[in-house]
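Report on the following structure.
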Amino acid sequence: METYVILRRSGWDDGAELAEAAERSRAEGERMPDDVAWIRSYVLDETDGRVGTVCIYQASSPEAIRRHASEAVLPVDEIVKVVDTVVVRPDPVPTAIDQGGES
Amino acid sequence: MATVVPDDHLLERGDANAQLDADLEHARLGVGRVVLVGGEAGVGKTSLIRSFTTRHESEVRVLVGACEALFTPRPLGPVYDIVQGLDHWTAETPGTDAERVRFFGALLEELRSHPTVAVFEDVHWADEATLDALKYLGRRIDSAPSLLVLTFRDDEVGANHPLRTVLGELPSGSTTRVSLAPLSPDGVAELARRAERPAYGLYEATGGNPFFVTEVLAAGGGDIPETVVDAVLARATRLSDGGRRLLDAVAVVPGSIEIWLLEEVAGGDIDDLAECLASGMLTPTGVGVGFRHELARLAIERSLTPDRRLSLNETALRALAEQPAEQQDLSALAHHADAAGNSEAVVRFAPAAAAHATAVGAHREAAEQYARALSYHVTEDAERLALLDRYSTAASLTGRYADALEARQEAIAIARALGDRLRLGENLARLPQACISLGLNDLAEEASREAIEILEQLQPGRELALAYAFQGYLRMLSRDNDEGVRWGERGLALAVEVEDPEIHAFALNAIGTSHVMAGRIEQGREYLQRSLDVSLEQGLHSRVAAAYSMLASGLGEMYELEASEKAAHDFIAFAAEHDMDTAYIRSWLAATLVYLGRWDEATAFAQELLADPAVSAISRITALIALGRVRARRGDPGGADVLDEALEVSEAGGHLQRLGHVHAARAEGAWLAGDRDRTFRDARAVYDLALEKRHLWFAGELAYWQWRCGELESAPEWIAEPFALQIAGEARRAADAWNARGCPYEAARALAESDDEALLREALDVFESLGARPAAHGVRQALRERGVSVPRGPRPSTRENPANLTARELEVLGLVADGLRNPEIAARLVVSKRTVDHHVSAILRKLDSKTRGEAVAAAGRRGLLEDRQSAEPT
Numbered sequence: 001m002e003t004y005v006i007l008r009r010s011g012w013d014d015g016a017e018l019a020e021a022a023e024r025s026r027a028e029g030e031r032m033p034d035d036v037a038w039i040r041s042y043v044l045d046e047t048d049g050r051v052g053t054v055c056i057y058q059a060s061s062p063e064a065i066r067r068h069a070s071e072a073v074l075p076v077d078e079i080v081k082v083v084d085t086v087v088v089r090p091d092p093v094p095t096a097i098d099q100g101g102e103s
Numbered sequence: 104m105a106t107v108v109p110d111d112h113l114l115e116r117g118d119a120n121a122q123l124d125a126d127l128e129h130a131r132l133g134v135g136r137v138v139l140v141g142g143e144a145g146v147g148k149t150s151l152i153r154s155f156t157t158r159h160e161s162e163v164r165v166l167v168g169a170c171e172a173l174f175t176p177r178p179l180g181p182v183y184d185i186v187q188g189l190d191h192w193t194a195e196t197p198g199t200d201a202e203r204v205r206f207f208g209a210l211l212e213e214l215r216s217h218p219t220v221a222v223f224e225d226v227h228w229a230d231e232a233t234l235d236a237l238k239y240l241g242r243r244i245d246s247a248p249s250l251l252v253l254t255f256r257d258d259e260v261g262a263n264h265p266l267r268t269v270l271g272e273l274p275s276g277s278t279t280r281v282s283l284a285p286l287s288p289d290g291v292a293e294l295a296r297r298a299e300r301p302a303y304g305l306y307e308a309t310g311g312n313p314f315f316v317t318e319v320l321a322a323g324g325g326d327i328p329e330t331v332v333d334a335v336l337a338r339a340t341r342l343s344d345g346g347r348r349l350l351d352a353v354a355v356v357p358g359s360i361e362i363w364l365l366e367e368v369a370g371g372d373i374d375d376l377a378e379c380l381a382s383g384m385l386t387p388t389g390v391g392v393g394f395r396h397e398l399a400r401l402a403i404e405r406s407l408t409p410d411r412r413l414s415l416n417e418t419a420l421r422a423l424a425e426q427p428a429e430q431q432d433l434s435a436l437a438h439h440a441d442a443a444g445n446s447e448a449v450v451r452f453a454p455a456a457a458a459h460a461t462a463v464g465a466h467r468e469a470a471e472q473y474a475r476a477l478s479y480h481v482t483e484d485a486e487r488l489a490l491l492d493r494y495s496t497a498a499s500l501t502g503r504y505a506d507a508l509e510a511r512q513e514a515i516a517i518a519r520a521l522g523d524r525l526r527l528g529e530n531l532a533r534l535p536q537a538c539i540s541l542g543l544n545d546l547a548e549e550a551s552r553e554a555i556e557i558l559e560q561l562q563p564g565r566e567l568a569l570a571y572a573f574q575g576y577l578r579m580l581s582r583d584n585d586e587g588v589r590w591g592e593r594g595l596a597l598a599v600e601v602e603d604p605e606i607h608a609f610a611l612n613a614i615g616t617s618h619v620m621a622g623r624i625e626q627g628r629e630y631l632q633r634s635l636d637v638s639l640e641q642g643l644h645s646r647v648a649a650a651y652s653m654l655a656s657g658l659g660e661m662y663e664l665e666a667s668e669k670a671a672h673d674f675i676a677f678a679a680e681h682d683m684d685t686a687y688i689r690s691w692l693a694a695t696l697v698y699l700g701r702w703d704e705a706t707a708f709a710q711e712l713l714a715d716p717a718v719s720a721i722s723r724i725t726a727l728i729a730l731g732r733v734r735a736r737r738g739d740p741g742g743a744d745v746l747d748e749a750l751e752v753s754e755a756g757g758h759l760q761r762l763g764h765v766h767a768a769r770a771e772g773a774w775l776a777g778d779r780d781r782t783f784r785d786a787r788a789v790y791d792l793a794l795e796k797r798h799l800w801f802a803g804e805l806a807y808w809q810w811r812c813g814e815l816e817s818a819p820e821w822i823a824e825p826f827a828l829q830i831a832g833e834a835r836r837a838a839d840a841w842n843a844r845g846c847p848y849e850a851a852r853a854l855a856e857s858d859d860e861a862l863l864r865e866a867l868d869v870f871e872s873l874g875a876r877p878a879a880h881g882v883r884q885a886l887r888e889r890g891v892s893v894p895r896g897p898r899p900s901t902r903e904n905p906a907n908l909t910a911r912e913l914e915v916l917g918l919v920a921d922g923l924r925n926p927e928i929a930a931r932l933v934v935s936k937r938t939v940d941h942h943v944s945a946i947l948r949k950l951d952s953k954t955r956g957e958a959v960a961a962a963g964r965r966g967l968l969e970d971r972q973s974a975e976p977t
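Read top to bottom, the protein sequences are chains G and L.
Using my numbering, you'd call the opening residue of the first sequence number 1 and step up by one each time.
Using my numbering, you'd call the opening residue of the second sequence number 104 and step up by one each time.
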């Protein structure tokens with residue numbers, strides 16, 4: 001498995017639509033655990049008023065990412081391979097994991 | 104008096120027994136399974152199966168076949184054992200590929216008509232024809248209310264063992280694996296308790312291996328033997344001298360020995376047989392007696408002095424040779440002759456055994472028998488020449504090309520020395536077969552030329568026909584298309600005259616492919632279709648594969664994509680019926696799907712192939728090219744890596760059909776990555792060769808990339824029309840030409856080269872719908888330079904991408920959703936059940952589902968089942 005960044009720009013009308021997509025994504029990911037592992041995402045406030053995401057995934061190939069997206073009905077704009085991770089400061093926004101529960 | 108250990112109550116096999124019982128129950132509901140029972144020698148696989156079949160013998164029919172521990176087992180031996188148990192078996196012994204498939208089909212019908220447990224024991228020793236039978240039955244068992252139980256020594260089946268491939272091809276959904284472990288210390292202690300003997304040290308010495316344990320317990324005595332062999336020998340010493348000698352006689356015949364034969368080998372006196380049976384060292388078998396376990400037989404056999412072994416085998420040989428011809432077991436005769444060191448008998452029986460093996464498709468055993476004969480017949484005379492010839496052919500059929508080459512070259516040397524010009528010519532004509540598979544093209548050329556030279560001076564016959572046809576094939580491979588036609592036609596004419604259908608089909612293939620490569624598509628297809636027809640008619644399955652192969656790959660290479668795809672699917676269906684390999688065709692299908700713009704399907708095929716280490720280099724290259732092109736066109740990572748690998752692998756062969764394809768793909772990848780220098784370098788790398796061979800499409804694409812780099816002076820007028828139009832600046836006409844071939848990406852690329860805003864917008868739409876990010880970006884850039892900004896359109900819903908199911912697949916899916924089973928769907932659509940099975944598999948694959956229910960759910964989620972006509976019969 002390699003690490004990839006996935007850009008899904010302006011993929012949804014609003015947070016509610018995104019939340020539905022997130023659930024599909026999670027469910028689909030469980031059906032192909034050896035092919036994709038969703039690590040984290042940043043939700044983007046797009047200039048056209050919609051929301052998008054930057055997602056970090058581990059995957060067996062870019063094609064696995066696309067298969068996952070196709071099944072979960074998610075857009076894929078760009079896939080880029082990650083060769084190194086440099087963490088300078090912890091994430092400013094506490095995540096669900098940090099808070100020890102669902103956000 | 105030796106102690107017999109009762110084994111009526113198996114220890115520590117509760118789970119395994121429960122699994123077998125459950126699988127049988129499942130099977131009896133109509134959906135059969137394969138049960139693979141694996142474990143080391145002596146762990147009790149046979150005991151388990153025996154207790155299982157005894158438990159159920161009143162409910163189901165039980166058939167058993169055992170594979171022999173022979174270097175060259177009797178081909179289809181265990182299958183023949185199995186059909187002995189059938190009442191109304193009428194199928195004839197197969198003599199051709201087609202007959203073999205019918206034979207297997209008849210056996211399958213028996214399994215379908217009556218709930219059966221068919222056991223094949225020790226399949227790690229199975230001959231090639233039996234392995235084919237297991238593959239055939241295993242892949243179709245789910246349509247029968249029966250179980251196919253295979254036992255094998257899993258520790259002896261390494262990565263290169265032929266059984267491994269067969270196991271890998273069994274459908275996982277209908278296969279159960281049961282792995283038997285040795286006994287635990289408690290289990291060993293229990294066996295000791297039952298034998299009323301001490302358990303001390305027994306587990307440590309035996310590792311819990313049940314056979315070893317029972318041998319030690321039966322041997323008695325104070326010391327525990329160190330190895331199984333010692334244990335068996337210790338037990339054997341408890342017999343009288345006569346009994347011990349009888350064991351020797353039984354030991355030289357693997358499996359079991361018939362009583363009449365035992366009498367002969369033992370020199371007439373078998374009074375002590377009762378003692379051996381009572382001691383448990385020998386047991387009665389269906390046809391005679393045998394050792395309780397192969398390990399015991401081996402132990403005794405190895406303890407024979409060389410003299411005794413030779414003389415016992417000699418006696419067995421003589422006795423067996425006296426049998427009437429139709430009852431003779433040729434592979435047993437060859438085996439005993441070899442073990443007796445009887446050269447004359449080996450040379451008499453081994454080739455006969457080989458010919459028989461070839462007839463039933465056990466090519467590996469045939470090759471081994473010829474090799475055996477060759478090891479005895481060392482004089483370099485006409486007989487050795489004949490053996491080398493046949494050995495080489497058999498070795499080629501099993502993929503041992505290096506051995507085939509060596510043998511063929513020795514045959515050539517002998518023929519030269521003997522001055523036998525006909526044999527010399529014939530063997531030279533056949534040498535290219537092995538050479539091509541090893542990539543030794545120069546050697547192939549030399550041999551082909553000399554063969555023709557020599558044979559043309561003799562009376563024309565099938566040898567010369569073959570030589571001409573091979574020359575045509577070689578010329579086609581190097582894309583000297585007109586020469587390929589010329590030589591092929593000469594081979595064809597002679598093949599028709601001498602009425603050899605195989606050479607006839609071969610020649611038609613060479614001619615047809617040459618025409619296709621020269622751009623004479625219709626003519627080429629006609630010849631290839633004729634080759635296919637002749638091969639189907641005559642049941643020449645490897646020629647059928649070759650015809651489909653050239654149709655799919657040749658037409659694909661010439662961008663006749665719809666025809667190529669159809670040929671690929673036709674072959675895949677045919678191959679499924681006949682358990683043939685489809686890797687090469689699938690690699691071409693992947694490439695074809697790239698050009699048809701069906702990128703998800705293309706990458707799925709490519710990755711499946713690339714994940715299989717057994718796939719040939721040629722298939723690998725084409726799969727890598729397909730994957731590389733898609734990644735480059737999408738702007739996904741990993742494109743350059745796979746195209747680098749493709750180059751590495753294809754440089755070894757140096758052939759245009761690989762290098763041209765690879766460099767064209769690399770030029771495209773480099774261009775999309777913005778590297779003009781590299782684009783030019785790849786485009787030039789093999790351009791001259793493409794021009795020399797007048798390859799319309801490779802020359803066309805390579806010229807195109809040079810043109811994009813601004814470095815093309817002029818291109819020949821004969822290059823492929825769409826590329827020629829692009830280079831001439833005719834964007835709209837070029838796009839139309841591409842669309843006529845079904846290539847949306849290439850059409851959009853042509854439009855993107857124009858100045859017209861409307862055409863650029865059209866190109867952008869296509870690129871965006873395909874997900875071609877780099878190309879779309881380039882067009883947006885071009886539009887921006889014209890002062891036109893194109894906002895991102897509404898995101899295309901992925902509902903418009905129905906997992907790339909074809910119209911037919913959507914139709915079948917609808918019927919599945921309505922609850923119809925495959926046979927009903929076949930009836931409804933008026934197609935064969937096999938076709939429906941094929942569609943359902945494709946649907947499951949494309950929707951990434953394991954079951955029909957999952958697929959229907961996935962389809963529902965994606966809106967694929969809406970807007971459907973209701974499923975009423977029309």
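Using N, Cα and C, we set each Cβ at its ideal position, and we do this for glycine too.
- Task: Have a look at S551 (chain L) and L534 (chain L) and give me their C-alpha separation to the nearest angstrom.
- Result: 8 Å
- Task: Measuring only between beta-carbons, confirm whether D868 (chain L) sits less than 8 Å from chain G.
- Result: no
- Residues that R26 (chain G) contacts on chain L, provided the C-beta gap is smaller than 7 Å: What R26 (chain G) touches in chain L: nothing, since even the nearest Cβ is about 14 Å away.
- Message: How far does the beta strand (DSSP E) with Q58 (chain G) in it extend, from its first residue to its last?
- Response: 51–59
- Task: Count the other C-beta atoms from every protein chain shown that fall within 10 angstroms of the C-beta of T219 (chain L), then say buried if there are 16 or more, exposed otherwise.
- Result: By the C-beta density criterion, T219 (chain L) is buried, having at least 16 other C-beta atoms within 10 angstroms.
- Along chain L, which residues have their Cβ under 7 Å away from the Cβ of P62 (chain G)? R734, D739, P740, G741
- Would you mind working out which of L:D200, L:K669, L:L380, L:Q829 sits nearest A460 (chain L), comparing C-alpha positions? L:D200
- Where does the unbroken beta strand (DSSP E) through D45 (chain G) begin, and where does it stop? 36–45
- Task: Using alpha carbons as the reference points, say which of L:L488, L:I539, L:R136, L:S540 lies closest to G528 (chain L).
- Result: By alpha-carbon distance to G528 (chain L), the top candidate from L:L488, L:I539, L:R136, L:S540 is L:L488.
- Is L123 (chain L) near F155 (chain L), with beta carbons less than 8 Å apart? yes
- Kindly give me the distance between the Cβ atoms of T278 (chain L) and R511 (chain L), rounded to whole angstroms, as I take these residues to be in contact under 8 Å. Rounded, the Cβ-Cβ distance is 40 Å, inconsistent with contact.
- Going along chain G in order, which residues have a C-beta closer than 7 Å to the C-beta of T706 (chain L)? E63
- Quick one: is E23 (chain G) near chain L, going by C-beta distance under 8 Å? no
- Query: With burial defined as no fewer than 16 other Cβ atoms inside 10 Å of the residue's Cβ, what is the status of S638 (chain L): buried or exposed?
  - Reply: That one is buried.
- Query: Measuring CB to CB, does S652 (chain L) end up less than 8 Å from G659 (chain L)?
  - Reply: no
- Query: How would you call L561 (chain L), buried or exposed, if buried means at least 16 neighbouring beta carbons within 10 angstroms?
  - Reply: exposed
- Item | DSSP-derived helix/strand/coil call for R787 (chain L) | helix
- Item | Proximity below 8 Å, CB of A979 (chain L) to CB of W702 (chain L) | Chain L is shown only over 104 to 977; residue 979 (chain L) falls outside these bounds and no answer can be derived.
- Message: For a cutoff of 8 Å on Cβ pairs, would you count R300 (chain L) as touching chain G?
- Response: Chain G contact via Cβ: absent.
- Identity of the residues DSSP links to K81 (chain G) by a beta bridge: As DSSP reads the structure, K81 (chain G) sits in a beta bridge with G:Y4.
- Nearest-angstrom beta carbon gap, G881 (chain L) and A855 (chain L) [assumed within contact, 8 Å]: 7 Å
- Message: Under 8 Å, Cβ to Cβ, is there at least one residue of chain L near R66 (chain G)?
- Response: The beta-carbon of R66 (chain G) is placed less than 8 Å from the nearest beta-carbon of chain L.
- Task: Check whether the Cβ of T901 (chain L) lies closer than 8 Å to any Cβ atom in chain G.
- Result: Confidence at T901 (chain L) is low in this model, with a pLDDT of 39, below 50, so its placement is unreliable and the value that follows should be read with caution. Closer than 8 Å to some Cβ of chain G, the Cβ of T901 (chain L) qualifies, so yes.
- Query: Beta carbon of V331 (chain L), beta carbon of A402 (chain L): below 8 Å?
  - Reply: Yes, they are a contact pair.
- Query: Per DSSP, what kind of secondary structure is V281 (chain L) in: helix, strand or coil?
  - Reply: strand
- Query: Does D703 (chain L) have its Cβ less than 8 Å from a Cβ in chain G?
  - Reply: Answer yes: the Cβ-Cβ gap between D703 (chain L) and chain G drops below 8 Å somewhere.
- Query: Candidates L:A720, L:L266, L:A169, L:L132: which alpha carbon is nearest V222 (chain L)'s?
  - Reply: Of the listed residues, the one whose Cα sits closest to V222 (chain L) is L:A169.
- How would you list, in chain order, the residues of chain G whose beta-carbon sits under 8 Å from the beta-carbon of Q102 (chain L)? The requested residue 102 (chain L) is not part of the displayed model; chain L covers only 104 to 977.
- Short check: CB of A806 (chain L) to CB of I822 (chain L), under 8 Å? yes
- Using a cut-off of 7 Å between C-beta atoms, extract the partners of D68 (chain L) located in chain G. Absent from the model: residue 68 (chain L). The displayed extent of chain L is 104 to 977, so no value can be given.
- Item | Range covered by the beta strand (DSSP E) that runs through V745 (chain L) | Run containing V745 (chain L): none in the beta strand (DSSP E); it sits in the alpha helix (DSSP H), 742–754.
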